[in-house]
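To keep things clear, I will list the structure first and then write my remarks on it.
Number of protein chains: 2
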Amino acid sequence: MTMNKTVRLARRPHGEVQREDFAIAEEALSDPAEGQFRVRAEYVSLDPAMRGWMNEGKSYVPPVGIGEVMRGFVSGTVDASRHAKFKEGDTVSGLLGVQSHAITDGQGIAKADTSLAPLQTWVGGLGMPGLTAYCGLTYVGEPKEGETVVVSAASGAVGQVVGQIANIYGCRTVGIAGGPEKCAALTDEFGFDAAVDYKKEWLADDLKAACSDGIDVNFENVGGDILDSVLPLMNFRGRIAICGLISAYNATKPVPGPYNFRSILVNRLRVQGFIVFDFLDKYPEAYKQLGTWYKQGKLKFREDVRDGGLDAFPDVLKLLYSGGNFGKLILKV
Amino acid sequence: MTMNKTVRLARRPHGEVQREDFAIAEEALSDPAEGQFRVRAEYVSLDPAMRGWMNEGKSYVPPVGIGEVMRGFVSGTVDASRHAKFKEGDTVSGLLGVQSHAITDGQGIAKADTSLAPLQTWVGGLGMPGLTAYCGLTYVGEPKEGETVVVSAASGAVGQVVGQIANIYGCRTVGIAGGPEKCAALTDEFGFDAAVDYKKEWLADDLKAACSDGIDVNFENVGGDILDSVLPLMNFRGRIAICGLISAYNATKPVPGPYNFRSILVNRLRVQGFIVFDFLDKYPEAYKQLGTWYKQGKLKFREDVRDGGLDAFPDVLKLLYSGGNFGKLILKV
Chain A
191 MTMNKTVRLA
201 RRPHGEVQRE
211 DFAIAEEALS
221 DPAEGQFRVR
231 AEYVSLDPAM
241 RGWMNEGKSY
251 VPPVGIGEVM
261 RGFVSGTVDA
271 SRHAKFKEGD
281 TVSGLLGVQS
291 HAITDGQGIA
301 KADTSLAPLQ
311 TWVGGLGMPG
321 LTAYCGLTYV
331 GEPKEGETVV
341 VSAASGAVGQ
351 VVGQIANIYG
361 CRTVGIAGGP
371 EKCAALTDEF
381 GFDAAVDYKK
391 EWLADDLKAA
401 CSDGIDVNFE
411 NVGGDILDSV
421 LPLMNFRGRI
431 AICGLISAYN
441 ATKPVPGPYN
451 FRSILVNRLR
461 VQGFIVFDFL
471 DKYPEAYKQL
481 GTWYKQGKLK
491 FREDVRDGGL
501 DAFPDVLKLL
511 YSGGNFGKLI
521 LKV
Chain B
191 MTMNKTVRLA
201 RRPHGEVQRE
211 DFAIAEEALS
221 DPAEGQFRVR
231 AEYVSLDPAM
241 RGWMNEGKSY
251 VPPVGIGEVM
261 RGFVSGTVDA
271 SRHAKFKEGD
281 TVSGLLGVQS
291 HAITDGQGIA
301 KADTSLAPLQ
311 TWVGGLGMPG
321 LTAYCGLTYV
331 GEPKEGETVV
341 VSAASGAVGQ
351 VVGQIANIYG
361 CRTVGIAGGP
371 EKCAALTDEF
381 GFDAAVDYKK
391 EWLADDLKAA
401 CSDGIDVNFE
411 NVGGDILDSV
421 LPLMNFRGRI
431 AICGLISAYN
441 ATKPVPGPYN
451 FRSILVNRLR
461 VQGFIVFDFL
471 DKYPEAYKQL
481 GTWYKQGKLK
491 FREDVRDGGL
501 DAFPDVLKLL
511 YSGGNFGKLI
521 LKV
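Residue numbers (the numbering used here), protein chains in the order written: chain A, 191 to 523; chain B, 191 to 523.
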């Protein structure tokens with residue numbers, strides 16, 4: 191008999207995520223009730239937002255409760271169904287949780303057309319990252335042709351898509367990433383006009399040199415020193431789309447905001463936070479546009495698929511916060 | 191023969207403004223050339239922005255040069271004219287500089303109708319403060335009826351107008367000010383629904399108690415700890431209109447941004463900087479609306495008019511940064 195392997199939140203992490211924050215166990219497998227179906231997970235998406243979901247208290251979405259299956263986007267195959275619209279063998283994608291088998295009524299679950307893209311890409315470039323990049327850049331950053339767009343964590347899952355979409359929009363694109371390998375990939379693989387290495391000593395100077403016309407749009411994933419290097423270079427009426435502040439996610443004490451906060455006033459910036467769930471009404475348009483660009487070869491996604499199954503989930507998750515991954519981090523179940 | 195008394199910038203201040211940062215002198219009086227007129231200053235507006243104008247380097251507007259007459263809004267009477275539209279005896283208002291007599295071609299100078307409001311009010315409530323409050327609240331804060339609007343430096347020139355306009359818009363208005371006297375005036379004189387004293391120990395708790403439905407719009411004049419108390423209370427999709435960051439104006443070393451910066455992302459805030467000069471196209475509408483409300487008795491302005499003439503300018507200016515004034519600070523020439 192097949193079991194359901196589950197990854198449950200055992201305790202709230204203090205600082206960096208530890209293996210002991212999760213309880214991994216084999217549990218009895220349930221069958222779907224009328225109106226439900228069961229999905230056998232094949233790929234689990236690992237997202238920076240997961241760290242926030244593990245914290246107590248108010249955040250973007252309610253925290254995962256202690257003892258609950260860890261929240262996560264998953265793609266897989268329906269292996270049992272008593273649902274009218276999903277049948278055995280269908281490939282699907284959605285928020286099914288970090289477990290080998292999930293029972294669902296189908297709410298928020300999308301069919302994953304593998305003739306368009308492989309199953310991993312449905313939790314990869316076409317999943318959260320693509321939607322986040324498209325909606326955030328288009329509707330918060332509002333770049334115009336010829337403007338300069340700077341993306342931090344540019345080699346990350348979202349960042350690499352942001353740069354490519356900004357290119358499609360006719361912008362000059364500058365990516366900030368850590369180390370020569372990632373920076374080279376930004377320009378060589380993803381078509382960024384320039385890449386700046388934040389691990390070098392003079393980020394502010396290097397960024398200034400790469401943005402000779404200043405910065406009109408900043409798609410911010412990091413915060414901290416990186417945002418502080420961006421702020422003084424922002425042009426009049428520039429826009430900062432705050433997608434993530436990953437530099438502070440593991441902080442255990444208060445972290446100061448950007449020292450160059452005053453640039454918001456001096457340059458009359460608009461700084462706006464968003465998450466992908468804010469744009470539910472834009473998803474059909476976003477999927478269609480992203481899918482079209484993908485088929486046209488205008489978008490590529492670098493996906494970093496890790497083996498090891500669900501047992502490896504805690505260790506793979508930690509890569510997100512150490513800069514140890516490159517591209518969308520996915521765990522093969 | 192009458193002389194022109196001038197207040198010129200002698201050096202750039204380091205930290206707090208000092209008397210020695212200015213050179214006050216009597217100079218020969220010029221006559222207007224063809225197309226010009228001369229204004230005898232009666233009231234000089236003292237504005238927090240002046241400290242920024244004295245700094246070297248990029249800011250909202252170019253700095254005042256060393257040796258130049260200090261920039262300032264002035265109302266007065268035309269005492270000599272070779273200009274087609276302004277004649278001797280006209281009362282006017284505009285950016286005429288901190289001096290007893292100014293020669294101008296009339297660009298940016300408005301006639302000050304003293305049947306509507308006294309001459310001091312043309313550099314007071316109807317001047318920069320009214321325009322700033324109206325344009326910033328209406329077009330950046332975008333409050334809706336029933337929302338909660340929090341104003342910092344609420345007893346200041348701009349703040350007291352912001353609260354009254356928010357009231358007119360049907361909002362719940364909460365003002366932050368220093369000391370029981372100022373707080374009492376906010377509720378008793380200016381119709382704020384609540385006032386919170388930042389000089390008491392528990393600003394964050396007191397503010398929370400005063401904003402039981404959270405904060406939808408923050409009209410921010412101060413920054414620092416006060417903005418940090420506001421940020422966690424902001425409601426989903428709240429707006430922060432950054433009008434000033436007076437807490438940092440005298441800083442001589444880098445000042446951290448708000449520790450609760452992350453609220454921008456968590457609550458999907460829009461934080462936007464503006465200055466009154468951004469809304470030139472809205473001035474006719476703003477003057478008309480403010481004037482109408484003023485005549486209807488819906489707006490009142492507390493003006494703090496100081497004597498002492500131009501010699502007192504440096505000392506009166508310092509009151510702005512020490513919290514020593516209440517309401518729009520004006521110097522009688």
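Cβ coordinates follow ideal geometry from the N, Cα and C atoms, glycine included. Computed from a predicted structure; not experimentally measured.
Cβ closer than 8 Å: which chain A residues qualify as neighbours of residue i?
i	result
Ile358 (chain B)	Chain A residues near Ile358 (chain B): none, gap ~26 Å exceeds 8 Å.
Ala438 (chain B)	Arg452
Leu435 (chain B)	Phe451, Arg452, Leu455
Hey, does residue i have any beta-carbon neighbour from chain A nearer than 8 Å?
i	result
Leu455 (chain B)	yes
Val461 (chain B)	yes
Phe464 (chain B)	yes
Leu393 (chain B)	no
Leu397 (chain B)	no
Determine the chain B residues that contact residue i at a beta-carbon separation under 7 Å, and present them in chain order.
i	result
Asp295 (chain A)	The contacting residues do not exist; Asp295 (chain A) stays about 27 Å from chain B at best.
Got a sec, what are the start and stop residues for the alpha helix (DSSP H) residue i sits in?
i	result
Gly317 (chain B)	Looking at the DSSP string, Gly317 (chain B) is not in any alpha helix (DSSP H), and its letter there is neither H nor E.
Met240 (chain B)	239–243
Thr377 (chain A)	370–378
Glu147 (chain B)	Nothing can be reported for residue 147 (chain B): it is not among the residues displayed for chain B, which extend from 191 to 523.
Phe503 (chain A)	503–512
Give me whichever residues DSSP pairs with residue i in a beta bridge.
i	result
Phe212 (chain B)	B:Leu199
Ala300 (chain A)	A:Ser283
Thr267 (chain B)	B:Arg230, B:Thr281
His291 (chain B)	B:Arg230
Arg496 (chain A)	A:Leu521
Val352 (chain B)	Answer is none; Val352 (chain B) lacks a bridge partner.
Ala431 (chain A)	A:Phe409, A:Gln462
Thr363 (chain B)	B:Val339
Asn194 (chain A)	A:Glu217
How would you list, in chain order, the residues of chain B whose beta-carbon sits under 8 Å from the beta-carbon of residue i?
i	result
Gly447 (chain A)	Pro446, Gly447, Pro448, Tyr449, Asn450, Phe451
Ile432 (chain A)	Ile454, Leu455
Pick out whichever of the options has its Cα sitting closest to the Cα of residue i.
i	options	result
Gly284 (chain B)	B:Val364, B:Ala231, B:Ala374	B:Ala231
Thr328 (chain B)	B:Val407, B:Val264, B:Glu216	B:Val407
Val268 (chain B)	B:Gly262, B:Lys277, B:Met260, B:Arg261	B:Lys277
Phe426 (chain B)	A:Lys508, A:Gln208, A:Phe464, A:Val282	A:Phe464
Gly242 (chain B)	B:Phe263, B:Gly257, B:Ala218, B:Pro203	B:Pro203
Ala270 (chain A)	A:Leu309, A:Ser220, A:Gly287	A:Ser220
Arg492 (chain A)	A:Gln208, A:Val234, A:Gly315, A:Glu210	A:Gly315
Gly487 (chain A)	A:Asn194, A:Glu337, A:Ile358, A:Thr322	A:Ile358
Pro222 (chain A)	A:Leu521, A:Val288, A:Ile293	A:Ile293
Ile432 (chain A)	A:Leu459, A:Thr442, A:Lys301, A:Val234	A:Leu459
Leu519 (chain A)	A:Arg429, A:Val313, A:Gln354	A:Val313
Gln350 (chain A)	A:Ile366, A:Glu337, A:Gly279, A:Glu335	A:Ile366
Leu455 (chain B)	A:Gly434, A:Lys522, A:Gly353	A:Gly434
Val229 (chain B)	B:Gly346, B:Asp295, B:Ala323, B:Ala200	B:Asp295
Ser345 (chain A)	A:Val412, A:Gly331, A:Lys398, A:Asp280	A:Val412
Ala399 (chain A)	A:Ala213, A:Val340, A:Leu470	A:Val340
Ile405 (chain A)	A:Val523, A:Lys334, A:Phe263	A:Lys334
Asp378 (chain B)	B:Thr363, B:Lys390, B:Trp392, B:Glu391	B:Thr363
Tyr449 (chain B)	B:Asp415, B:Asp468, B:Ile430, B:Gly336	B:Asp415
Counting only C-beta atoms, is residue i closer than 8 Å to chain B at any point?
i	result
Ile416 (chain A)	no
Leu327 (chain A)	no
Leu321 (chain A)	no
Identify the continuous beta strand (DSSP E) that holds residue i and give its terminal residues.
i	result
Tyr233 (chain B)	227–235
Lys518 (chain B)	518–522
Ile405 (chain B)	405–410
Asp387 (chain A)	384–387
Ile256 (chain B)	Segment: none, Ile256 (chain B) is in no beta strand (DSSP E) and carries neither H nor E.
Since residue i meets chain E, which of its residues come closer than 8 Å, beta carbon to beta carbon?
i	result
Arg458 (chain A)	No chain E is part of this structure, whose protein chains are labelled A and B.
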